[in-house]
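Numbered according to numbering that gives the first Met the number 0, the sequence shown spans residues 0 to 43. Note that the Cβ used here is the ideal one computed from N, Cα and C, for glycine as well. What follows is a short report on a single structure.
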Amino acid sequence: MLFVGIAILIVLFISTTTIEKTLKSIEKQNSRVIELLEDIRNEK
Numbered sequence: 000m001l002f003v004g005i006a007i008l009i010v011l012f013i014s015t016t017t018i019e020k021t022l023k024s025i026e027k028q029n030s031r032v033i034e035l036l037e038d039i040r041n042e043k
């Protein structure tokens with residue numbers, strides 16, 4: 000039973016880390032898109 004609990008904790012930790020990395024990359028992409036849109040707007 001203890002082993003199952005530890006396994007669940009490990010899976011949760013790994014998935015949380017993966018989600019965090021994904022969110023950070025999405026955040027970077029969003030800021031880049033915003034920069035590009037501002038550049039386009041400023042050129043007009």
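Under the three-state DSSP convention, the category residue i falls into
i   : result
K27 : helix
K54 : Since the first and last residues shown for the chain are 0 and 43, residue 54 lies out of range.
Alpha carbon of residue i to alpha carbon of residue j, nearest angstrom
i   : j   : result
L36 : K27 : 14 angstroms
I7  : T17 : 15 angstroms
K20 : F2  : 27 angstroms
I39 : S30 : 14 angstroms
Other residues of its chain near residue i: CB distance less than 6 angstroms, five sequence neighbours each side excluded
i   : result
I9  : none
I25 : none
K43 : none
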